[in-house]
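In this note's numbering, the protein residues as written are 22 to 182.
In what follows, a single structure is set out as structure tokens and then discussed.
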């Protein structure tokens, strides 16, 4: 009986595969972002603006210690890959908090506030359980790297080559 229980548990663990997405759901694409000038724009329109370029998306917040610790590594990637668009989606509570965080930590790139935060359509699509979270989007808008939790993840480094 113990052997059967052990085999069952093993089968459950082996059948659990991480979700790997290659494109965004329409609901996620329609989620609203806020620009630094306080205008609303859909996530889809943001991605379309950078179509033809590789995009690294960094989901972060200025209160997140893990996010702050990764900033020097993100900055180094920006220097090593100047042709890549670095798109920062913040789940800060307000645009002011986001702007203060950008200024305080000197983060260069394209910045948007994700007002729906963890529970909106984009947050749910990304299955946000913690941040930072990283994605790489290819030149035609497909997801090349989905939900990496570390900026030095080998999938990110390989996708940016």
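We put the beta carbon where it would ideally sit given N, CA and C, even for glycine.
Just so it is clear, the structure is predicted and the values come from calculations on it, not from any experiment.
Practice task
Just the C-alpha distance for residue 33 and residue 103, rounded to the nearest angstrom, thanks.
Solution key: In the chain shown, the residue the question calls residue 33 occupies position 12. In the chain shown, the residue the question calls residue 103 occupies position 82. Confidence at residue 33 is low in this model, with a pLDDT of 44, below 50, so the placement of that residue should be treated as unreliable; the coordinate-derived value is given next. Each residue's alpha carbon lies about 43 Å from the other.
Problem - residue 132, enclosing alpha helix (DSSP H) - first and last residue - result: Here residue 132 is taken as the residue at index 111 of the chain shown, counted from 1. Secondary structure note for residue 132: it is in no alpha helix (DSSP H), and the uninterrupted beta strand (DSSP E) holding it is 131-134.
Exercise for the section: Would you check if there are 3 or more beta carbon pairs closer than 8 Å linking the region 73-91 to the region 53-60? Expected result: They do not touch, by the three-pair rule.
Practice task
Kindly give me the distance between the Cβ atoms of residue 172 and residue 95, rounded to whole angstroms, as I take these residues to be in contact under 8 Å.
Solution key: The residue given as residue 172 occupies position 151 in the chain shown. The residue given as residue 95 occupies position 74 in the chain shown. Yes, they are in contact, since the Cβ atoms of residue 172 and residue 95 sit about 6 Å apart, within 8 Å.
Practice task
Could you have a look at residue 167 and say whether DSSP puts it in helix, strand or coil?
Solution key: Looking up residue 167 in the chain shown gives position 146. Residue state, collapsed to three classes: strand.
Handout entry: Residue burial classification, residue 161 (beta-carbon count within 10 angstroms, cutoff 16)
Key = By one-based count along the chain shown, residue 161 stands at place 140. Per the 10 Å Cβ criterion, exposed.
Practice task
Would you kindly check if the distance between the Cβ of residue 155 and the Cβ of residue 78 is under 8 Å?
Solution key: Translated into the one-based positions of the chain shown, residue 78 becomes position 57. Translated into the one-based positions of the chain shown, residue 155 becomes position 134. Yes, Cβ-Cβ distance for residue 78 and residue 155 is below 8 Å.
Problem - Distance between residue 137 and residue 65 (C-alpha atoms, nearest Å) - result: Residue 65 sits at position 44 when you count from the first residue of the chain shown. Residue 137 sits at position 116 when you count from the first residue of the chain shown. The straight-line gap from Cα to Cα measures roughly 15 Å.
Problem - Rounded separation between residue 126 and residue 47 - CA only - result: Your numbering for residue 126 matches position 105 in the chain shown. Your numbering for residue 47 matches position 26 in the chain shown. Cα to Cα, the separation comes out at about 33 Å.
Problem - Where residue 52 falls, given that 16 or more other Cβ within 10 Å makes a residue buried - result: The residue given as residue 52 occupies position 31 in the chain shown. Buried, since its Cβ has 16 or more Cβ neighbours within 10 Å.
Exercise for the section: Could you spell out the range, first to last residue, of the alpha helix (DSSP H) harbouring residue 155? Expected result: Within the chain shown, numbered from 1, the residue matching residue 155 stands at position 134. Judged by DSSP secondary structure, residue 155 falls outside any alpha helix (DSSP H) and instead within the beta strand (DSSP E) spanning 154-158.
Handout entry: Nearest neighbour of residue 67, chosen from 181, 133, 93, 153 [CA to CA]
Key = On the chain shown, residue 67 is found 46 positions in, with the first residue counted as 1. With distances taken between Cα atoms, residue 67 lies closest to 133.
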